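Here is the structure we will look at.
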Ligand code: URA
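Numbering (my numbering), first residue to last: 1 to 195.
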């Protein structure tokens with residue numbers, strides 16, 4: 001396992017797949033590196049590739065709005081993606097690109113040690129929960145795996161295309177907030193020292 005400094009250096013020099021040929025920046029993550037919640041998207045889009053940060057484009061603005069409306073604090077979460085380099089024209093990452101990149105996400109998981117993982121959309125859910133899942137069937141239901149509480153939900157970009165998903169995603173995030181509050185409660189006054 002690499003520490004943060006080593007991991008960032010390795011990601012920035014990564015040439016493990018073809019996405020490295022077309023990227024502007026490697027997008028590693030943003031948020032609290034000791035967060036209770038790890039949110040995982042698909043891969044950087046145009047804005048993310050330019051700025052080197054995840055979820056800073058239109059889908060990111062919507063995600064931030066949802067998180068702040070439900071009173072999540074910035075210290076509660078860290079945001080990353082299945083692949084750290086932008087797929088051309090925002091296509092879905094190929095399995096071999098995701099496979100090449102997933103060790104970096106696993107390393108991030110070991111460093112952050114979250115209690116909750118949120119899969120934003122089917123690409124994240126497929127690589128984290130199982131390749132045969134259908135996001136419309138499993139979203140909103142907790143999956144317990146390897147000691148993590150995993151919540152699959154829609155990708156915020158799906159909401160931009162289809163407003164009817166808004167209420168469902170809102171419900172999913174309310175469940176996540178409830179779980180976060182339970183976890184905080186279980187640590188009582190020691191929450192900030194829990195590590
Ligand atoms: N969509 C994603 O899946 N990730 C980002 O970082 C931005 C848009």
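Glycine included, every Cβ here is placed at the ideal spot set by N, Cα and C.
Only a predicted model underlies this, so the values are computations on that prediction, with no experimental measurement involved.
>> By DSSP's criteria, residue 145 is part of a beta bridge. Which residues make up the other side?
In response: As a first step, residue 145 must be located in the chain shown, where it is residue number 145. In DSSP, residue 145 forms a bridge with 148.
TODO: Taking all protein chains shown into account, decide if residue 122 is buried (16 or more other Cβ within 10 angstroms of its Cβ) or exposed.
DONE: Counted from its first residue, the chain shown places residue 122 at position 122. So residue 122 counts as buried.
So for residue 153, helix, strand or coil by DSSP? Here residue 153 refers to the residue found at position 153 when the chain shown is read from its first residue. If DSSP states are grouped into helix, strand and coil, residue 153 belongs with the strands.
Three or more C-beta pairs closer than 8 Å, one from the segment 76–89 and one from the segment 7–22: is that the case here? yes
Beta-carbon within less than 6 Å of residue 153's beta-carbon, same chain only, minus the 5 sequence neighbours each way: which residues are those? For the purposes of this step, residue 153 is taken as residue 153 along the chain shown, with counting starting at 1. Around residue 153: 139, 169, 172.
For residue 56, which residues in the same chain have their Cβ closer than 7 Å to its Cβ, ignoring the five residues on either side in sequence? Locating residue 56 in the chain shown gives position 56, counting from the first residue. Closer than 7 Å at the Cβ level, and outside the excluded window around residue 56, lie 47, 48.
Taking 7 Å as the limit, name every residue whose beta carbon sits nearer than that to some heavy atom of the ligand URA, in sequence order. 27, 41, 42, 43, 44, 45, 48, 54, 55, 57, 59, 60, 81, 120, 121, 155, 157
- Own chain, CB closer than 7 Å to residue 29, minus 5 neighbours either side, in chain order: For the purposes of this step, residue 29 is taken as the residue at position 29 of the chain shown. Correct list, in chain order: 54, 78, 79, 80, 108.
Check: What does a CB cutoff of less than 7 Å around residue 157 pick up in its chain, not counting 5 residues either side in sequence?
Finding: For the purposes of this step, residue 157 is taken as residue 157 along the chain shown, with counting starting at 1. So the list reads 59, once near-sequence residues are dropped.
Discussion item. For residue 118, tell me which candidate among 24, 35, 10, 14 has the shortest Cα-Cα distance.
Written reply: As a first step, residue 118 is located in the chain shown; it is residue number 118 there, counting from the start. When each option's Cα is compared against that of residue 118, the closest is 35.
Note the first and the last residue of the continuous alpha helix (DSSP H) segment covering residue 39.
Here residue 39 is taken as the residue at index 39 of the chain shown, counted from 1. Run containing residue 39: none in the alpha helix (DSSP H); it sits in the beta strand (DSSP E), 37–41.
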